[in-house]
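Numbering-wise, the sequence shown is residues 5 to 440 according to my numbering. Beta carbons: idealized from backbone N, C-alpha and C, even for Gly. Everything on this sheet refers to the single structure shown next.
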Amino acid sequence: MSFRAGLSHSYVFSDWLSNTSTIFGSGANTNSSSAGGWTDKDPTNYGLRTSFDFNFNLGDNLRLTGTAGAELQEQRAAIIGFRMVENPADPAGYNVIGNIRSNQYARSGTSTLFTEWELYLPADFTVTAGLGLSNMAIDLEDRLYDPESDRARNVSADYTDLYSPHVAINKIFNDNISVYASYSKAYNAPVSGNIVLSTSGQLNTGLVPEVGNQFEVGSKGNLFANKLHYQLAVFNAIFKNKFTSVAVPLDQNTTAYTYIANGGKQNHKGVELLAKYTAYESAAGFFSTVSPFANVTYSHFRYEDYQYESLDDDGNSILVDYSGNDVAGVAPWVVNAGVDFTTNPGLYGNVNYSFRDAMPFTSDGVNRTHAYQLLNAKLGYRTSFDRFDLDVFAGADNLTGTQYYYMVFLNQLPDAYLPAPYEVQYYAGASLKYNF
């Protein structure tokens, strides 16, 4: 169960200055289970955001626009962890919730100052520059505190002066093609869920924020009398102090729980391409449009200087080094291609082909998925009469009967896959809309 609510107000002071302010809040009642435990969490969030928008006309072909503002947010949450125990009524079945192993109260708050400006220059050049300053504080109270234990009753963590600059330059050619280059820096600070180990009752201290720097160049536009639309991006992102998951095993097949640690660097290089071509257009023929499309992503993601310490089953410290390995959970090649068509009588449809390359799903590269290909198709009919709009459609997914997965679990072997349907899945539907 959850809720979200907010209230906004906008005011225009002049033709060059306006403001929008929002107060908001949300809450949820959640629970999650794993092989090692069960966690109940009741987070409540509240905060405010205000931004001022500026628009200055500096002369012929010269204009400056910008925004500046602040955002404050706080979360309070009660987090209770339970052991999972054998069900006495069904010993061979699933475990049930047992005794409490942790009871934490977490308070976290963030504050952000931000500004971004765009300078429109002659010859269709645009320069964008922005800066954000973030601060974050986390306070944790152990409500199962034992004065005879070595655990701290209260833990606080502050992450301050996190500066995030961004700059980009864009050039438009002939109103059809644009090219750009950009640089950005961002942080990802730990949240209370990274610090509270609800399954074990311990506190995971010593985490530092991730930091990422990304360079990107690209182009987008329309060619051949606007029949071909494309988007192309080439990027290189380097992340330091990257968060990684460390598993504490229950036995050789399952995992009691995991916790987050800073591992090292990841170097992400990639290319993304989207293209859609209007191969046929007609206002009188049977087909009104026929548009093939494709999007291709190539990812060359590697661990660099990626080391962290963990404990073996005997409690001894061991150094784990994944440097040079492929990043887990990232397929090198992902391809989607197909064709959309519409007809003047109202029929429409598409055929879509998908390919996902094999990928490692553990950081050591030992465990890998298989590549798979999918073929989907859909056919429908749209029409309007009187004040009604009618849409009737039917389709089929996985026409080739391929065995593939919805999700992959990094720390649950050998049953690591959540399998998707391996037979053809048919569906159909209809909608009728009345226009007042």
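Item: Within 10 angstroms of the Cβ of Phe290, are there 16 or more other Cβ atoms? Answer buried if so, exposed if not.; Value: exposed
Item: Using beta-carbon positions only, say whether Ala298 and Asn340 come within less than 8 angstroms of one another.; Value: yes
Item: Report the rounded CA-to-CA distance for Asp76 versus Asn49, giving the unit in angstroms.; Value: What sits at residue 76 in the sequence shown is Leu, not Asp. Rounded to whole angstroms, Leu76 to Asn49 spans 11 angstroms at the Cα level.
Item: With a cut-off of 8 angstroms, do at least 3 Cβ pairs link the region 358 to 375 to the region 327 to 347?; Value: yes
Item: Could you tell me the boundaries of the beta strand (DSSP E) in which Val215 lies?; Value: Glu214 to Leu227
Item: Pair every Cβ in the region 184 to 194 with every Cβ in the region 163 to 175, then say whether three or more of these pairs are closer than 8 angstroms.; Value: yes
Item: Does the beta-carbon of Leu166 have 16 or more other beta-carbons within 10 angstroms, so that it is buried, or is it exposed?; Value: buried
Item: Tell me the DSSP secondary structure of Asp64 in three-state form.; Value: coil
Item: Here's a check: name, in chain order, each residue in its chain whose Cβ is nearer than 7 angstroms to the Cβ of Asn245, leaving out the five neighbours to either side.; Value: Val212, Pro213, Glu214, Val215 and Asn266
Item: I need the DSSP call for Asn49, collapsed to helix, strand or coil.; Value: strand
Item: Would you be able to state if there are at least three C-beta pairs under 8 angstroms between the region 267 to 276 and the region 303 to 314?; Value: yes
Item: Over the uninterrupted beta strand (DSSP E) stretch that includes Thr387, give me the two end residues.; Value: Tyr376 to Phe389
Item: Suppose you measure from the CA of Leu278 to the CA of Gly134; what does that come to, to the nearest Å?; Value: 27 angstroms
Item: So, is Gly41 buried or exposed, given that buried needs 16 or more other C-beta atoms within 10 angstroms?; Value: buried
Item: Are Thr119 and Asn174 closer than 8 angstroms when you measure CB to CB?; Value: no
Item: Fully enclosed by the region 122 to 160, which beta strand (DSSP E) runs are 3 residues long or longer?; Value: 129 to 146
Item: Given Asn217, which residues of its chain have a CB within under 6 angstroms of its CB, disregarding the five upstream and five downstream residues?; Value: Lys189 and Ile242
Item: Is Asn441 helix, strand or coil when you go by DSSP?; Value: Any question about residue 441 goes unanswered here, given that the chain covers just 5 to 440.
Item: Looking at C-alpha atoms only, which residue of Trp20, Thr26 and Met5 is the closest neighbour of His13?; Value: Thr26
Item: If the criterion is Cβ atoms closer than 8 angstroms, does the pair Ser182 and Glu220 meet it?; Value: no
Item: Is there contact here, the region 78 to 96 with the region 48 to 63, by at least three beta-carbon pairs under 8 angstroms?; Value: yes
Item: Using the Cβ count rule (16 or more neighbours within 10 Å means buried), how would you classify Ser286?; Value: exposed
Item: Might you give, ordered along the chain, the residues of its own chain that have their beta carbon closer than 7 angstroms to the beta carbon of Tyr15, omitting 5 neighbours on each side?; Value: Ser22 and Asn23
Item: Check this for me: beta carbons of Pro425 and Tyr409, under 8 angstroms apart or not?; Value: no
Item: Could you spell out the range, first to last residue, of the beta strand (DSSP E) harbouring Tyr447?; Value: Residue 447 is absent from the model: the chain starts at 5 and stops at 440.
Item: Name the one or two DSSP bridge partners that Gly274 has.; Value: Phe239 and Ser303
Item: Would you mind giving the Cβ-Cβ distance between Ile84 and Ser112, rounded to the nearest angstrom? I have them listed as a contact below 8 angstroms.; Value: Contact flag wrong, Cβ pair sits at about 17 angstroms.
Item: Determine the DSSP secondary structure at Asn107, reduced to helix, strand or coil.; Value: strand
Item: Between which two residues does the beta strand (DSSP E) harbouring Pro336 extend?; Value: No beta strand (DSSP E) contains Pro336, which DSSP labels as neither H nor E.
Item: Taking the alpha-carbon of Asn271 as reference, which of Thr248, Lys280, Ser115 and Ser303 has the nearest alpha-carbon?; Value: Ser303
Item: From Ala161 to Pro194, what does the alpha carbon distance come to, in whole angstroms?; Value: 9 angstroms
Item: Locate the beta strand (DSSP E) running through Gly31, then write down its first and last residues.; Value: Leu21 to Ala32
Item: Bridge partners of Glu78, per DSSP?; Value: Tyr50 and Gly113
Item: Could you tell me which residues DSSP pairs with Gly41 in its beta bridges?; Value: Arg87
Item: What does a CB cutoff of less than 7 angstroms around Thr387 pick up in its chain, not counting 5 residues either side in sequence?; Value: Gly350 and Leu394
Item: Give the DSSP-derived three-state secondary structure of Phe17 in the structure shown.; Value: strand
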